[in-house]
Amino acid sequence: MESKELRILLLEDEPTLGQEIGHALRKDGYLVQHLVNGLDAQRVLFDDTPDLAIFDIMVPGIDGLAVGKQAKQTFGIPVIFITARNSPADRVRGLDLGADDYIAKPFLMAELLLRVRNVLGRNGAESTNLDIAGLVIDLGSQNCNFNGTEIDLTATEYKLLLELVENRGRVLTKTHLLSQVWGYDAFDPNLVEVHLSSLRKKLNQAGVPEIIRTRRGLGYQAVK
Amino acid sequence: MRQSNLSERIANRAFVSTLGFGFVLIAGLSFSMAPVADAFVTSQLESAAERATAIDGTTDPEQIIEALTAPGFGIAVTPLEEEADSSGQVNFDGNSDVATIEVVLPKSGVLVTLSQSNELSGYLGWAVLGVGSGILAILALAVRLVQIKLVRREAEPLNSISALAQEVAQGTRGDRLNLNSKAAEDLRQTATALNSMLDALEASENSALRNSKRIEELAQDVAHELKTPLANLIALADNGIRQSDSEEEQIRLSNLVREASRAARIVDDLTLAIGSPAATQQPTKAELGELLEELGGEFPTAVFTGSNRLKIAMDAGQLLQILRNLLSNATRYGSGAIRLDVSDHGDSVVIGVEDDGPGVAPEDRERIFERFVRLDYARARIEGGAGLGLAISRQLAEQAGGSLHCVNPHHLGGARFELKASLSE
C-alpha cells in the first residue's frame, strides 16, 4: 500500500504469534519492530518513539501493562493491549491505564488490522485515504465518497469493499472474503454474493465506474 | 401458642408454685381458726358463769339478768323445778351455731342459761382465707417480677450465644464467645463447646476455600496455556488464508481456524464455569450504559434501544459475560442484524437480544440451555453448538435472582433471548 511508513512496536513473547502479527502488519505497509522482552520494549521507547505500540500483557522482563502505561503516559504513544485473559477485570485495568484498545487472544488478523487503523486514525497518525478510480475510502472515519458525494454503505459492505481494494489486482475467492469479512463462523457463500451485489448497486447509483470484477469460477477482483 | 422467653417461663412457674403452696398453707390456717374461736367463746361463757355464781342469793331475776348482761349474750333465768344439778360445762350445739352454759344458783332458786353465738368461728376462717389469698397473690406477683429480672440476668449469655450464631450465619468469621466468670457454669461450658465447634467449622471451610481457589487458579492457568497455542494456530491459518490463492487450501485452513476457535470457546466457557461462583457472594451494581458501550465496540452491528441509564443488581463482569454470550451467538447464527432492547419494569429490567437468523424452534427453546446441546438448523449446520455458554449464562442469571429464556422473536424474526434481572436502587 501507499507510503504509510508508520512504525509499530510489537511486544509479543510467543514467537509464532509475534511472527504472524508482524507479517500481517508489514504486508499492510507498516514498519514493525518485534520484541519479546518488556525491558527491551522500554529501552526502545526512549531511543526511538514509534507511532503505535501493540503489547502483550504477559511477557518476560516488565509486564506489558507497565510498559504500556509508560508508553501512553510518558510518550503519548497509542497502545493496543493483547492478552489471553479475557476477564472483565483485565479489560478494565487495561482501559484504565488509558489503553486505546484491547484485543483478546485468539483473534483474527483482519480484526487486529482494523483496530490498528482505527487507533491510528483516532490519533491522527493515519491520514491515508484509499483512492480507486475516484472512489475515496477514508480509513479514519470509515466513510466512502465519490466526487465529494458520500456513499452510504453498511458496515459489512464497507468491510467487503475494503478487503477487495486493499488486495486490488488479486482475485479473492468467496472463501477468502467470507472468512475475512464475516469471520470463520459464517458458512454460507451466498452471503458474499448477496452483499456484493448490493454494494455494486450502491456504487453504480453513485456513478462509480465498474471497479469490482467477477472472475467466473474463481472469485472477485478489484481493478488495479 | 404464645411465645415466651426463658425468664418469663421460669418466673411463671415460680408464680404458680408460690400460689399453690401458699394457698394450701392459708387453707390449713383457716381451718385451724375454728378451735381458736371456740376457745374464745368458752372462756367468755365460763367467766360469765363465774360472775353468776358470785351473785347467788339474788332472787330478782331482773337483777340477775342485769348483772350478767354483756354484748352478744343471751340470758335466760328459769325457776329450779326440782333438785337440779348443773355440769358447769359449755355445750356447743352443732346445729344452731350457739354455745350455752347452765349455772344453778341454789340460793336464788333459779337456773341461769347463758348463750353466745358461735358464728364467729366460721367468719374468722373465711376472713383468714380471703385476706390471706389476697396477700398471697400480691406476694406471688412480686416474686414473679423479681424472678424475671434475676433469670434474665443469669440467662444474659444466651443472648451473646444467639447473636454470635446469627453473625456466623450471615458470614462473619473469627468471632468467639467470651463469657465472664460470673456466668453460670453450664452456660460457660456451652460457650466453650460452641467455640470449639466454630474453630473446627472455620478450619474446614478455609481448607475447602483454599482447595477451590487452587482449582480455580489451575483452571485459569491451564486456560491461558491452552489459549496461547490455539491463538498461534489461528494466526497461522488466518494468515495462510489471506495469502493463499487456492480455494481448496483456503477451505482447509478455514476449517482449521474454526476448529481452533471452537476449542478456544470451550476453554473460555470452562474458566467461566469454574471461576464464577465466588463472584456472586458480593453482587455489585452494574451500570448498564457502561456495559453497552463496551459491547458496542465488540459488536458493531448490534443496535441498542431503550433506556440504558439503569443500575442492575448483578455483578458487572457476570452481566457482561451473559450479554457477550448472547450477542456472540446472535453474530454467529444471524446474518448481521442484531438488536438489543432494554425495557424498564420499575423494580426489574428485561434485556432482549434478537437476531435475524433461522431462530430456535419452540420445542428446542428449553433444550438449548442444557450443556453441550447442538441443534441442526435447515439453513446452516451449526458447528460448535451452544456449548456451555447458554447453560452458564442461565446459571449466572439465576444466581443473581434473575432468569434467562429463549422466547418468540419480536422484531427480526430470528432467535430472541430475554434476560430478566432486578434493578438496584
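These protein sequence lines are chains A and B, in that order. Here our numbering is used: the first residue of the first sequence is 251, the next is one more, and so on. Here our numbering is used: the first residue of the second sequence is 1103, the next is one more, and so on. All C-beta atoms, glycine included, are put in the ideal place defined by N, C-alpha and C. In this text the structure is predicted, and so the values were computed from the model without any measurement.
Could you tell me whether any Cβ in chain A is nearer than 8 Å to the Cβ of K1413 (chain B)? At least 8 Å separates the CB of K1413 (chain B) from every CB of chain A.
For L261 (chain A) versus V329 (chain A), is the C-beta distance shorter than 8 Å? It is not a contact, given that the beta carbons lie outside the stated cut-off.
Please look up how many angstroms separate the CB atoms of P1259 (chain B) and A1305 (chain B), rounded, as I've assumed it's under 8 Å. About 25 Å separates the two Cβ atoms, so there is no contact after all.
Within 8 Å, do at least three Cβ pairs link the region 1130–1138 of chain B to the region 1225–1239 of chain B? Judged by pairs of C-beta atoms under 8 Å, the region 1225–1239 of chain B touches the region 1130–1138 of chain B, as three or more such pairs exist.
At least one CB of chain A closer than 8 Å to the CB of Q1316 (chain B): is that the case? One point to set straight first is that residue 1316 (chain B) is Arg, not Gln, in the sequence displayed. With 8 Å as the cut-off, R1316 (chain B) does not count as an interface residue toward chain A.
Interfacial residues, the region 268–290 of chain A to chain B, with Cβ spacing under 9 Å: So the list reads Q269, E270, I271, H273, A274 and K277, given in the order they occur along the chain.
Min CB distance L1338 (chain B) to chain A below 8 Å: Yes, L1338 (chain B) lies at the interface with chain A (some Cβ there is under 8 Å from its Cβ).
Closer than 8 Å, CB to CB, is E1389 (chain B) near chain A or not? So no, E1389 (chain B) is outside the interface.
Tell me the rounded alpha-carbon separation between N1427 (chain B) and N1107 (chain B). Cα to Cα, the separation comes out at about 54 Å.
At a CB-CB cut-off below 7 Å, which residues of chain A make contact with L1332 (chain B)? Under the 7 Å cutoff, chain A gives P356.
Answer with yes or no whether the minimum CB distance from P1402 (chain B) to chain A is below 8 Å. The beta carbon of P1402 (chain B) falls within 8 Å of a beta carbon belonging to chain A, placing the residue at that interface.
If we define contact as Cβ-Cβ less than 8 Å, is N1341 (chain B) a contact residue for chain A? So yes, N1341 (chain B) belongs to the interface.
Taking only runs of the alpha helix (DSSP H) that begin and end inside the region 278–363 of chain A, which ones reach a length of at least 4 residues, in chain order? 288–297, 314–325 and 338–346, all fully within the region 278–363 of chain A.
Option in B:F1117, B:R1312, B:G1224 and B:A1415 with minimal Cα separation from A1239 (chain B): Measuring from the Cα of A1239 (chain B), the nearest candidate turns out to be B:F1117.
Taking only beta-carbon atoms, is E1349 (chain B) less than 8 Å away from chain A? For E1349 (chain B), the answer is yes, since a Cβ of chain A falls inside 8 Å of its Cβ.
Which of helix, strand or coil DSSP assigns to H1507 (chain B): H1507 (chain B) falls in the strand class under three-state DSSP.
Take E443 (chain A) as the anchor and find which of A:R466, A:V458, A:P459 and A:D435 has the nearest alpha-carbon. Here the closest residue by C-alpha is A:R466.
Just the chain A side, please: which residues come within less than 8 Å of K1251 (chain B) by C-beta, in chain order? Within 8 Å Cβ-Cβ: nothing; K1251 (chain B) doesn't reach chain A, min ~56 Å.
Against A1362 (chain B), what residues of chain A qualify as contacts under a CB-to-CB distance less than 8 Å, listed in chain order? Those are P356, listed as they occur along chain A.
Run of the beta strand (DSSP E) containing Y470 (chain A), from where it starts to where it stops: Its beta strand (DSSP E) spans residues G469 to A472.
Using a Cβ cut-off of 9 Å, pull out every chain B residue sitting near Q430 (chain A), in sequence order please. Within chain B, the residues near Q430 (chain A) are D1340, I1343 and R1344.
Residues of the region 435–456 of chain A with Cβ closer than 9 Å to any Cβ of chain B, in chain order: Within the region 435–456 of chain A, the residues whose Cβ lies closer than 9 Å to some Cβ of chain B are D435, A436, F437, D438, L441, V444 and H445, listed in chain order.
Environment of H1447 (chain B) [buried if 16+ CB atoms lie within 10 Å]: By the 10 Å Cβ count, H1447 (chain B) comes out exposed.
Would a check of beta-carbon distances place T406 (chain A) closer than 8 Å to chain B? Yes, contact with chain B.
Please report the distance separating the alpha-carbon of N417 (chain A) from that of L259 (chain A). Whole-angstrom Cα-Cα distance: 24 Å.
Exposure label - G1504 (chain B); buried when at least 16 CB within 10 Å: Label assigned to G1504 (chain B): buried.
Which residues in chain B have a C-beta closer than 8 Å to the C-beta of V369 (chain A)? List them in chain order. Neighbours of V369 (chain A) across chain B, judged by C-beta separation under 8 Å, do not exist; the nearest C-beta is about 12 Å away.
Does T464 (chain A) come within less than 8 Å of chain B when only Cβ atoms are used? Not closer than 8 Å to any Cβ of chain B, the Cβ of T464 (chain A) fails to qualify, so no.
Would you say A473 (chain A) lies against chain B (beta-carbon separation less than 8 Å)? According to the sequence provided, residue 473 (chain A) is Val. The question's Ala does not apply to it. V473 (chain A) does not count as touching chain B.
So, is L1243 (chain B) buried or exposed, given that buried needs 16 or more other C-beta atoms within 10 angstroms? Here L1243 (chain B) is exposed: its Cβ has fewer than 16 other Cβ atoms, across all protein chains shown, within 10 Å.
Checking contacts by CB at 8 Å: is H1513 (chain B) closer than that to chain A? False, the Cβ-Cβ gap to chain A never drops below 8 Å.
Counting beta carbon pairs with one atom in the region 446–458 of chain A and one in the region 393–410 of chain A, are three or more of them shorter than 8 Å? Touching, per the Cβ criterion.
Decide if I1166 (chain B) is buried, meaning its Cβ has at least 16 other Cβ atoms within 10 Å, or exposed. Within 10 angstroms of the beta-carbon of I1166 (chain B) lie 16 or more other beta-carbons, which makes it buried.
Stretch-stretch touch, CB-based, cutoff 8 Å, three pairs: the region 361–373 of chain A with the region 1340–1350 of chain B: With the cut-off at 8 Å, the region 361–373 of chain A and the region 1340–1350 of chain B do not touch.
8 Å Cβ cutoff met for L1525 (chain B) and S1409 (chain B): No; because the gap between Cβ atoms is not below 8 Å, this pair is not in contact.
Unbroken beta strand (DSSP E) runs of length 3 or more, entirely within the region 1432–1476 of chain B: which are they? As for any beta strand (DSSP E) of minimum length 3 sitting wholly inside the region 1432–1476 of chain B, the runs are 1440–1446 and 1450–1457, ordered along the chain.
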